[in-house]
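For reference, the structure discussed in these notes is given below.
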Amino acid sequence: MADQPDSSGGGTKDAHQRLDEMSQLVSLHGQQLEEILRLLRAQTVPVGPVVTEEVRVQTEVVPPTPIDDMSSTPIDTSIRATAEARQAREFMRHHPEKFHGGTDLEAAEKFMRSHEKIHDVLATPTHMQPSISSALLFGEADIWWRTTVASKGKPKDWAEFKERFERKYIPPTIRNLKRTEFQNIRQRSDESVMQYMDRYRD
1 MADQPDSSGG
11 GTKDAHQRLD
21 EMSQLVSLHG
31 QQLEEILRLL
41 RAQTVPVGPV
51 VTEEVRVQTE
61 VVPPTPIDDM
71 SSTPIDTSIR
81 ATAEARQARE
91 FMRHHPEKFH
101 GGTDLEAAEK
111 FMRSHEKIHD
121 VLATPTHMQP
131 SISSALLFGE
141 ADIWWRTTVA
151 SKGKPKDWAE
161 FKERFERKYI
171 PPTIRNLKRT
181 EFQNIRQRSD
191 ESVMQYMDRY
201 RD
């Protein structure tokens with residue numbers, strides 16, 4: 001509603017006074033903005049385009065880094081973690097053996113055969129194989145693995161993982177005994193061929 005002059009003329013006077021106050025505020029804000037802009041300009045130093053040898057080197061196209069050679073920058077680590085997670089999910093779809101430790105040589109051998117077979121079928125990169133397979137060590141085997149990694153570091157590939165695992169759970173002396181036992185299996189006169197085959201498989 002517009003201010004209507006009253007009989008005393010005071011209403012128009014109030015409107016003019018408010019307009020003057022608003023005008024002063026706008027002027028003050030304008031001055032403050034100009035001061036802010038002046039300060040910003042003083043902080044930034046304009047630099048013209050300078051082309052040096054270093055700039056040219058930095059603008060050259062760098063070929064992508066292979067996954068095996070990635071550094072540990074946050075982006076590279078994130079990419080590697082995503083690739084390992086995808087590979088691990090695919091690995092788990094094949095229902096690999098779990099291992100709980102102990103002295104069961106057959107369980108240890110079954111674990112290794114199962115994992116080697118699946119890694120081979122999926123063509124799992126060798127640097128990913130130890131971390132994927134070690135996730136299926138439980139109980140005593142998991143404690144042993146964590147202790148081994150803490151003292152010797154993570155294995156760089158499957159061969160190193162296998163060597164550590166077999167040294168602990170399939171020692172050469174037991175392997176040699178099993179091999180000798182296997183080589184000496186003979187069919188007894190009182191057993192059928194099927195019984196002999198069953199004993200041979202065990």
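Its first residue numbered 1, the sequence shown is counted upward by one per residue in full-length UniProt numbering. Positions of the beta carbon are idealized from the N, C-alpha and C atoms, including for glycine.
For this session: Please state if the CB of I170 and the CB of L105 are separated by a distance shorter than 8 Å.
Result: Numbered from 1 along the sequence shown, position 105 holds the residue referred to as residue 105. Numbered from 1 along the sequence shown, position 170 holds the residue referred to as residue 170. I170 sits close to L105, with the two beta carbons spaced by under 8 Å.
Problem set entry | Range covered by the alpha helix (DSSP H) that runs through S138 | Translated into positions along the sequence shown, residue 138 becomes position 138. In the sequence as presented, Ser is not what sits at residue 138; that position holds Phe. From DSSP, F138 is part of no alpha helix (DSSP H); its letter is neither H nor E.
Exercise. Alpha carbon to alpha carbon, how far is Q158 from S78?
Worked result: Counting from 1 along the sequence shown, the entry for residue 158 is found at position 158. Counting from 1 along the sequence shown, the entry for residue 78 is found at position 78. In the sequence under discussion, the amino acid at residue 158 is Trp, which differs from the Gln named in the question. Near 22 Å, if we compare the C-alpha coordinates of S78 and W158.
Exercise. Alpha helix (DSSP H) containing M112: first to last residue?
Worked result: In the sequence shown, residue 112 corresponds to position 112, counting from 1. Membership of M112 in the alpha helix (DSSP H) is indicated by the continuous run 105-122.
Problem set entry | For A81 and A135, believed in contact at Cβ under 8 Å, the rounded distance | Here residue 135 is taken as the residue at index 135 of the sequence shown, counted from 1. Here residue 81 is taken as the residue at index 81 of the sequence shown, counted from 1. Actually they do not touch by this definition, with Cβ atoms about 13 Å apart.
For this session: Quick one: using the 10 Å Cβ neighbour count with 16 as the cut-off for buried, is M112 buried or exposed?
Result: As a first step, residue 112 must be located in the sequence shown, where it is residue number 112. M112 is buried by the Cβ-count criterion.
Problem set entry | Environment of T124 [buried if 16+ CB atoms lie within 10 Å] | Translated into the one-based positions of the sequence shown, residue 124 becomes position 124. That one is buried.
Problem set entry | Opposing strand residues paired with F99 [DSSP bridges] | In the sequence shown, residue 99 corresponds to position 99, counting from 1. Answer is L137, bridged to F99.
For this session: Kindly indicate which residue of P172, K110, A150, R86 has the alpha-carbon position closest to the one of M128.
Result: To locate residue 128, count along the sequence shown from 1; it is residue 128. Measuring from the Cα of M128, the nearest candidate turns out to be R86.
Problem set entry | Residue burial classification, S189 (beta-carbon count within 10 angstroms, cutoff 16) | Taking the sequence shown and counting its residues from 1, the one referred to as residue 189 is at position 189. With fewer than 16 other Cβ atoms within 10 Å, it is exposed.
Exercise. Ends of the alpha helix (DSSP H) at E191?
Worked result: Counting from one through the sequence shown, the residue named residue 191 turns up at place 191. Premise fails: E191 is in no alpha helix (DSSP H) and is neither H nor E.
Exercise. In whole angstroms, what is the alpha-carbon distance linking R146 and E163?
Worked result: Counting from 1 along the sequence shown, the entry for residue 146 is found at position 146. Counting from 1 along the sequence shown, the entry for residue 163 is found at position 163. Their backbone Cα atoms lie some 16 Å apart in a straight line.
Exercise. Start and end of the alpha helix (DSSP H) containing K168?
Worked result: For the purposes of this step, residue 168 is taken as the residue at position 168 of the sequence shown. Residues 158-169.
Exercise. In chain order, what residues of the same chain have a beta carbon less than 7 Å from the beta carbon of P155, not counting five sequence neighbours either side?
Worked result: Locating residue 155 in the sequence shown gives position 155, counting from the first residue. If we look at P155 and ignore the five residues flanking it on each side, its Cβ neighbours are P130, F161, R164.
For this session: Please name the residue, chosen from A83, T103, H94, that lies closest to K117 on a Cα-to-Cα basis.
Result: Walking along the sequence shown from the start, residue 117 turns up at place 117. Closest option to K117, Cα to Cα, is H94.
For this session: Could you check which residue in A141, T126, L39 has the C-alpha nearest to that of E84?
Result: Position 84 of the sequence shown, counted from the first residue, corresponds to residue 84. It is T126 whose Cα lies nearest to the Cα of E84.
Exercise. Is the beta carbon of H100 sitting closer than 8 Å to the one on A150?
Worked result: Counting from 1 along the sequence shown, the entry for residue 100 is found at position 100. Counting from 1 along the sequence shown, the entry for residue 150 is found at position 150. Here H100 is not near A150, since their CB atoms are 8 Å or more apart.
For this session: Just mark L137 as buried or exposed, buried being the case when its beta carbon has 16 or more other beta carbons within 10 Å.
Result: For the purposes of this step, residue 137 is taken as the residue at position 137 of the sequence shown. With 16 or more Cβ atoms within 10 Å of its Cβ, L137 is classed as buried.
For this session: Output the distance between the C-alpha atoms of Q183 and A108, rounded to the nearest integer angstrom.
Result: Counting from 1 along the sequence shown, the entry for residue 183 is found at position 183. Counting from 1 along the sequence shown, the entry for residue 108 is found at position 108. Answer to the nearest angstrom: the Cα atoms are 20 Å apart.
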